[in-house]
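See structure below.
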Amino acid sequence: MGAGLATTVAEQWLGIEAPGLSAALQGGRIDRELVDCLEQRLPTLRRMDASLGGGSIRGLVDAELRLVTDLLAGGSYSTPTGQRLFTIAAELGRIAGWASFDAGFHAAAERYWFTALRSAHAAEDRAAGANILKCMSLQRVDTGRPVEALELASAARAGASGASARVRAMLSTREARAHAVLGDATACERLLSQAETEMSLADDEPTPAWAAYFDQAEYCAQTAACYLLLQRHQAADQWLARTLALQPDERSRDRATYLVWRADAMLNLGDIEHACALVGQAVPDIAAARSVRNQRRLIDIHGLLTRHQHPAVQQLDEQVRSLVS
8 MGAGLATTVA
18 EQWLGIEAPG
28 LSAALQGGRI
38 DRELVDCLEQ
48 RLPTLRRMDA
58 SLGGGSIRGL
68 VDAELRLVTD
78 LLAGGSYSTP
88 TGQRLFTIAA
98 ELGRIAGWAS
108 FDAGFHAAAE
118 RYWFTALRSA
128 HAAEDRAAGA
138 NILKCMSLQR
148 VDTGRPVEAL
158 ELASAARAGA
168 SGASARVRAM
178 LSTREARAHA
188 VLGDATACER
198 LLSQAETEMS
208 LADDEPTPAW
218 AAYFDQAEYC
228 AQTAACYLLL
238 QRHQAADQWL
248 ARTLALQPDE
258 RSRDRATYLV
268 WRADAMLNLG
278 DIEHACALVG
288 QAVPDIAAAR
298 SVRNQRRLID
308 IHGLLTRHQH
318 PAVQQLDEQV
328 RSLVS
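One point on numbering: in my numbering, the residue at position 323 of the sequence shown is 330, and numbering is uninterrupted.
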């Protein structure tokens, strides 16, 4: 954990008054200040996940989720306060599920997400529920269950029709990706066109904090993912170039993902040297984050590159093998 992130987490934990927390856990009244503090810790957990990987933070998020569920079970609170607590529990469950998914614990991810869906329902937050379904859809894509992925993505988009434009764009790209896995280019393109329109409105509407990550960089990346799946490698490369130019430094795990994706596009376009250079750029970020998904991506692209006799492949080989070992 980086020093800056560790300091932030420590300060936030100290921000909760121990007597007030203890009393709430024993059935005392939960006040607004305590809920405010719990809400304010969510952005830090999201940032830690984006830079350190799911393997580094899943235990921390689980502890935070247990604290909130204990407060819900044992504390006393008004209806509005309870709704806020359920919303926090839903997002913590989503993050815990995502961290578990990233770390390769698929059954645990599903358990967290099902719990998170119940909390989102209790909070009457349809957009949060849609975001959880969106995560579940991607897990199905990654584990070779594309029909289920499409069903989940479609349900997410249908259930959040009244959400902000940014959320709708995010959900449209996820449904487009499920269609791309199934080879349905027409449906994929239709949804990408819808997402483009929705993103053009995104800055004009308020949006949930958990959707803020879906900026222009992430929108371009998800569009690129669709074109990679459709094997339209030139288009994928163009979108990934935009993604990497816009990618914030703190989202280093995603940057590594998109570098590997672009290397895949370059390899399919016949530019072995450029593909190796992109993988070489990704290696430090993959080494720094505990992300099983990115480690597997690295192994896969390295395996494809080693089929080619090229000096750039030989130079990359030692760098990758030392990390994999």
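Just so it is clear, CB atoms sit at the ideal spot from N, CA and C, and this is done for glycine as well.
Could you pull the start and end residues of the alpha helix (DSSP H) that residue i belongs to?
i	result
residue 223	223-236
residue 264	259-275
residue 111	Element bounds for residue 111: n/a, residue is neither H nor E.
residue 182	172-188
residue 203	192-207
residue 50	49-59
Mapping DSSP to helix, strand and coil, what is residue i?
i	result
residue 239	coil
residue 11	Note that residue 11 has pLDDT 48, beneath the 50 cutoff, so the model's placement of it is unreliable and the number below is only indicative. In this structure, residue 11 counts as helix in the three-state DSSP scheme.
residue 152	coil
residue 297	coil
residue 16	Note that residue 16 has pLDDT 40, beneath the 50 cutoff, so the model's placement of it is unreliable and the number below is only indicative. Note: residue 16 maps to helix in three-state DSSP.
residue 23	Because the pLDDT at residue 23 is just 46, under 50, the model does not fix this residue reliably, and the point stays unresolved.
residue 161	helix
residue 83	strand
residue 314	coil
Tell me, please, whether the CB atom of residue i is closer than 9 angstroms to any CB atom in chain C?
i	result
residue 243	Considering every chain present, this structure includes no chain C. It has just one protein chain.
Our contact map puts residue i next to residue j with C-beta atoms below 8 angstroms; I'd like the distance itself, whole angstroms only.
i	j	result
residue 272	residue 235	6 angstroms
residue 312	residue 282	6 angstroms
residue 136	residue 124	6 angstroms
residue 52	residue 95	Actually they do not touch by this definition, with Cβ atoms about 11 angstroms apart.
residue 106	residue 61	3 angstroms
Run the CB neighbour count on residue i, radius 10 Å, all protein chains shown included, and call it buried at 16 or more, exposed below.
i	result
residue 307	exposed
residue 169	exposed
residue 211	exposed
residue 318	exposed
residue 73	exposed
residue 292	buried
residue 309	buried
residue 47	exposed
residue 70	exposed
residue 228	buried
residue 333	The requested residue 333 does not occur in the structure, where the chain is confined to residues 8 to 332.
residue 36	exposed
residue 256	exposed
residue 200	exposed
residue 39	exposed
residue 121	exposed
residue 190	exposed
residue 131	exposed
residue 314	exposed
residue 322	exposed
residue 277	exposed
residue 316	exposed
residue 224	buried
Q. Is the region 113-132 close to the region 152-166, with three or more CB pairs under 8 angstroms?
A. no
**Q.** At least 3 beta-carbon pairs within less than 8 angstroms: the region 75-88 vs the region 53-67
**A.** no
Q | Segment contact flag, the region 173-184 with the region 156-164, C-beta cutoff 8 angstroms, min 3 pairs | A | yes
Q | contact_flag[the region 47-61, the region 255-262] where n(CB pairs < 8 angstroms) is 3 or more | A | yes
Q) Is the region 202-209 close to the region 235-254, with three or more CB pairs under 8 angstroms? A) no
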